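A short write-up of the structure that comes next.
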Amino acid sequence: MKKIILAAVVVLAATFTMSAQQYHVVTSVESIVPNGLGRSRIINALEDKDYKEFTSVQTEDDNTRNKSKRNEIRVKNFEETKLLNFYNIGGIRFQNIAANDALITSMINDMVSNGWELAFVVSGVESEGGKGDGQGIFITRYIFKK
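Numbering (mature numbering (1 follows the signal peptide of the UniProt record, and there is no 0)) for the sequence shown: -20 to -1, 1 to 126.
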């Protein structure tokens, strides 16, 4: 009887462990800087960080600023895959967009083949802010879950 109860507890514990979801974020940054001067990449962190280590709680009684050190937050182990910029000297370059799509598709397919499921995709743009700005990126976060 004890063996049956022990086996049931082990199976139950394994079920809870298997149902816990993991998430992983991969980011693509594609330059929309004119004349092809920007940098475009897929960034994939290869180390984990616990956000709680770098979080402070602000209250009415204690509003001490967060003193986390940047070098402790920074991730030094990551994959960086070169992408092509949207623009070159001649303007928008559709071949570059197609090449980036092929690389991003390859990355997604690799993640899926390693047991990850693409759960969410979130994107945003910081475009040129007027005359003389010359800055801009298109950023996409691919959120995978297991």
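C-beta atoms are modelled at their ideal positions from N, C-alpha and C, and glycine is treated no differently. For clarity, every value in this text was computed on a predicted model and none was experimentally measured.
Same chain, Cβ closer than 6 Å to residue i, neighbours up to 5 away in sequence not counted
i, result
"residue -6", "Note that residue -6 scores 49 on pLDDT, short of 50, meaning its location in the model is unreliable; the coordinates nonetheless yield the value given after this. Hits under 6 Å: none found."
"residue 65", "11, 16, 18 and 20"
"residue 26", "57 and 58"
"residue 46", "36"
"residue 34", "48 and 53"
Those residues which DSSP pairs with residue i across a bridge
i, result
"residue 79", "Answer is none; residue 79 lacks a bridge partner."
"residue 181", "This structure cannot speak to residue 181, because the chain is shown only from -20 to 126."
"residue 21", "9 and 62"
"residue 68", "71"
Contacting residues, own chain, Cβ-Cβ under 8 Å from residue i (five flanking each side not counted)
i, result
"residue 102", "120, 121 and 123"
"residue 99", "3, 123, 124 and 125"
Own chain, CB closer than 7 Å to residue i, minus 5 neighbours either side, in chain order
i, result
"residue 76", "64, 65 and 66"
"residue 79", "64"
Assumed close pair residue i, residue j - CB separation to whole angstroms, cut-off 8 Å
i, j, result
"residue 61", "residue 91", "The pair is not a contact, with the Cβ atoms about 13 Å apart (cut-off 8 Å)."
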